[in-house]
Amino acid sequence: MKKQLAFLGGFVLLLSACSSSKSPVNRTDGKAVGTAGQTNAVNGVWRFVRNVGGAATSPDRKIKLIRDKHWMFSQCDPATNITLYHHGGTYLLDGNSYAETIDYANETTGGLIGQTYRYNINVVGDTMTLTGPFNEVWARVK
């Protein structure tokens, strides 16, 4: 787990270094989407807590990194620490509307490349709730 967190922390730093913009998330048409405050509210490392309406906690080891215009998701097998799913890409944030487009993936989720998943997003403190194709609750990692 420590190796995974170190890897993910390095990935966050890489995304930070690669991002030339500290402004709001932009659409491909150049129009600003979301305020800097909204973008900052979703930025961070998030761990999966549970599905909406599900048990209070989940044994699933899922992590999501969101930084400026990019996001990444990984899930490992808790018994073996082998990565089961890994993919990521870009996102758009417009008020409570959040859309993730998958730009890269491992073999397991390669068929998702090019797809966009749209959610309603609600961030309160260090809790993020996504409602859409997957209904999930995430907690910010500190």
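Sequence positions in the sequence shown follow mature numbering (1 follows the signal peptide of the UniProt record, and there is no 0) and run -22 to -1, 1 to 120.
From the three backbone atoms N, C-alpha and C, an ideal C-beta is built for every residue, glycine too.
Compare the beta carbon distance of Y76 and Y63 with 9 Å and say whether it is the shorter of the two. no
Alpha carbon to alpha carbon, how far is N21 from A83? 21 Å
Are the CB atoms of K42 and L68 within a distance shorter than 9 Å? The question names Leu, but residue 68 is Thr in the sequence shown. Going by C-beta atoms, T68 is not nearer than 9 Å to K42.
Cβ-based neighbour list, G(-13), same chain, cut-off 7 Å, excluding 5 preceding and 5 following: Bear in mind that the predicted position of G(-13) carries a pLDDT of just 46, short of 50, making it unreliable; the figure below should be weighed with that in mind. Around G(-13): no qualifying Cβ.
Return the chain-ordered list of same chain residues with a C-beta closer than 7 Å to the C-beta of P56, the five sequence neighbours on each side being excluded. P37, R39
Between the CA atoms of V23 and E78 - distance to the nearest angstrom: 16 Å
Just to confirm my understanding: we take N18, look at its own chain, exclude 5 residues before and 5 after, and list those with CB closer than 7 Å. What are they? none
Return yes when the Cβ of I91 is within less than 9 Å of the Cβ of I99, no when it is not. no
Check each candidate in L108, G66, N59, I60 and name the one with the smallest Cα separation from E93. The sequence shown places Gln at residue 93, rather than the Glu named in the question. Taking only the C-alpha atoms, the option nearest Q93 is G66.
Pairwise C-alpha distance: G31 and D72: 25 Å
Among V119, P111, Y95, G89, whose alpha-carbon lies nearest the alpha-carbon of G103? V119
Neighbourhood of D7 by C-beta distance below 6 Å, restricted to the same chain and skipping five residues each side: Unreliable positioning characterises D7 in this predicted model, as indicated by a pLDDT of 38, which lies under 50. A coordinate reading is not provided.
I need the straight-line Cα distance from T61 to E85, nearest angstrom please. 11 Å
When DSSP labels each residue in this structure, what does V11 get in the three-state scheme? Summary for V11: the model assigns pLDDT 43, below 50, so the residue's position carries little reliability, and this model does not support an answer.
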